[in-house]
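A.B. asks:
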Amino acid sequence: MGGFDFDHWKHLAESDPAGFFQARDEALREWLARHPDQGLLLAGLQARIDATRALAGTPLQASRVLMGMMHEHLSELGDKLAELQHETDSLRALILGRASP
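Residue numbers for the sequence shown follow our numbering, so the first one is 210 and each next one is one higher.
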């Protein structure tokens, strides 16, 4: 399945919405099958995305909610990175403190 062809998917969505969702589901299944070690986690994430889209009411509202979800996760990752950097600095100071005479 090569690279992502936006124009192809856009045309399919406009000309055959049912076909678009069928092709989308197949592409997602193939992608999940290629990542079996993370399949359960990724399938859960996709289910959450699909539920959010279904409950949002409009594509714009779905985009806003999904962007909020991404922002939350990026903030959490940023917090984890800061925590890891702090621990790394503490370990470095400890190692250098013990290494000096």
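Just so it is clear, CB atoms sit at the ideal spot from N, CA and C, and this is done for glycine as well.
Rounded to a whole number of angstroms, what is the C-alpha to C-alpha distance between Leu300 and Leu286?
C.D. replies: Here residue 300 refers to the residue found at position 91 of the sequence shown. Here residue 286 refers to the residue found at position 77 of the sequence shown. Distance between the alpha carbons of Leu300 and Leu286: 21 Å.
A.B. asks: Ala291 to Leu250, Cα distance in whole Å?
C.D. replies: One-based indexing of the sequence shown puts residue 291 at position 82. One-based indexing of the sequence shown puts residue 250 at position 41. Near 24 Å, if we compare the C-alpha coordinates of Leu250 and Ala291.
A.B. asks: Note the first and the last residue of the continuous alpha helix (DSSP H) segment covering Arg243.
C.D. replies: Mapped onto the sequence shown, residue 243 falls at position 34. Per DSSP, Arg243 belongs to no alpha helix (DSSP H) and is neither H nor E.
A.B. asks: Report yes or no: do the stretch 224 to 236 and the stretch 256 to 268 share at least 3 C-beta pairs separated by less than 8 Å?
C.D. replies: Verdict: no, contact absent.
A.B. asks: Within this structure, are the beta carbons of Ala222 and Phe229 separated by less than 8 Å?
C.D. replies: If you number the sequence shown from 1, residue 222 lands on position 13. If you number the sequence shown from 1, residue 229 lands on position 20. Their beta carbons are under 8 Å apart, which means Ala222 touches Phe229 by this criterion.
A.B. asks: Taking the runs of the alpha helix (DSSP H) that are 4 residues or longer, which of them lie wholly in the stretch 252 to 309?
C.D. replies: Taking only runs of at least 4 residues, the alpha helix (DSSP H) segments lying wholly in the stretch 252 to 309 are 268 to 308.
A.B. asks: Within the continuous alpha helix (DSSP H) that includes Phe213, where are the two ends?
C.D. replies: Locating residue 213 in the sequence shown gives position 4, where the first residue counts as 1. From DSSP, Phe213 is part of no alpha helix (DSSP H); its letter is neither H nor E.
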